Amino acid sequence: MAEPKKTVVIEAVIVDDSNKKHAGSTQSGQENHVKSSQQKLSAIATAHHIDAKLHDIEHDSLTTRAGYRQLQIKQQQQANLEQIIKITHDLCRDETSRSPDPDWLYRFFEMAKTIYGESMQNLWARILKQEILKPGSTSLKALALLETITQREAQALQRACSLACTFGSDGSNKLITGFRQPENGMRRYFKPDLAERLALGSFKLPFTDLMLLMDLGLILRTELESGLLDPASSLPLSGQGQTFMLTPLRKGARIYYYRFSPTGNELAKLVGQKSHPEYLDALIALLSRAFSVNSDVGSTVNEKA
1 MAEPKKTVVI
11 EAVIVDDSNK
21 KHAGSTQSGQ
31 ENHVKSSQQK
41 LSAIATAHHI
51 DAKLHDIEHD
61 SLTTRAGYRQ
71 LQIKQQQQAN
81 LEQIIKITHD
91 LCRDETSRSP
101 DPDWLYRFFE
111 MAKTIYGESM
121 QNLWARILKQ
131 EILKPGSTSL
141 KALALLETIT
151 QREAQALQRA
161 CSLACTFGSD
171 GSNKLITGFR
181 QPENGMRRYF
191 KPDLAERLAL
201 GSFKLPFTDL
211 MLLMDLGLIL
221 RTELESGLLD
231 PASSLPLSGQ
241 GQTFMLTPLR
251 KGARIYYYRF
261 SPTGNELAKL
271 VGQKSHPEYL
281 DALIALLSRA
291 FSVNSDVGST
301 VNEKA
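Printed below as a string of structure tokens:
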């Protein structure tokens, strides 16, 4: 009788060879990743004059290398300040100016010299211009926060500012998240208030970014609600360069919102507000379910913010 074929053994060998090939490919990829990381680190170290230990021979003394590094830092900081001054000069026109507080100016330059990114340098230039026009516009507390803010945090603030509005007599920026209103007629005594929400995450402001801004102290942590709103009086709402008058359809309507902190409001004025028509349409559509909305159209949105 013929001996049966040992297909199982052959299959096992095939699978084993495949695994070896996969393992070899993975190992090669890991080695390439390590090399790439080492090359990147080496480039960073060389640019900052801290690469001596990466070479077989140390060509200069430790003191000399430290001197090179400090000189490079001072030169770059000087270049940062000069660039901010150049941008500020280009922004200034023939407006009436005043002298900034000398202590504020000193602190400003000490912080501004550590700003390396182009977009952040533009922001610091706008701050300096505003201080020349109106001393006291930006507090040292706001500057200290701005000095440490990352690019991602600055972008989150900008997105929040594009969704911000003000309502009532309070000029503080707010992020409206929804409303609630009582049920009609006798049902109001037996059913909870109707509540509807606006998902800020749908407009590129996820809750993680909101939490980030709360951690920075730019937005208050607690979601607030307005007082009871009466149909007998209208509530002014301003946002996206337009002003709207809100009149509640039922007595007892309330608006949910997050409020910017004083420092957050300071920075919001500097960041400006980009046009966001999709958000404005969604906000007005939401509020129209609980309010009569009349608009006084007049675009003043800062398109270059």
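When we follow full-length UniProt numbering, the leftmost residue of the sequence shown carries the number 1, and every step to the right adds one.
Using N, Cα and C, we set each Cβ at its ideal position, and we do this for glycine too.
Bear in mind that the values here come from a model prediction, so they are computed numbers and not experimental data.
| Item | Value |
| --- | --- |
| Helix, strand or coil at cysteine 165 according to DSSP, with G and I counted as helix | strand |
| Element boundaries [alpha helix (DSSP H), containing leucine 140] | 140 to 148 |
| Candidates His89, His48, Phe244 and Gln181, of which the one nearest leucine 280 by Cα | Phe244 |
| Given aspartate 103 as reference, the closest of Gly136, Asp90, Arg93 and Ile87 once Cα atoms are compared | Gly136 |
| Pairwise C-alpha distance: isoleucine 219 and residue 378 | This structure cannot speak to residue 378, because the chain is shown only from 1 to 305. |
| Neighbour-count burial assignment, isoleucine 44, 16 or more Cβ in a 10 Å radius | exposed |
| Cα-Cα separation between phenylalanine 260 and aspartate 90, rounded to whole angstroms | 31 Å |
| Between the CA atoms of leucine 81 and glutamate 95 - distance to the nearest angstrom | 23 Å |
| Residues bridged to arginine 197 [DSSP beta-bridge criterion] | Gly178 |
| Three-state secondary structure (DSSP) of proline 100 | coil |
| Residues near leucine 249 in its chain [Cβ-Cβ closer than 8 Å; skip 5 each side] | Gln181, Pro231, Ala290, Phe291 and Ser292 |
| Where the alpha helix (DSSP H) containing glutamine 242 begins and where it ends | It is not in any alpha helix (DSSP H) - glutamine 242 instead sits in the beta strand (DSSP E) that spans 242 to 248. |
| Which of helix, strand or coil DSSP assigns to glycine 171 | strand |
| Limits of the alpha helix (DSSP H) - the one that leucine 280 falls within | 277 to 287 |
| DSSP-derived helix/strand/coil call for leucine 128 | helix |
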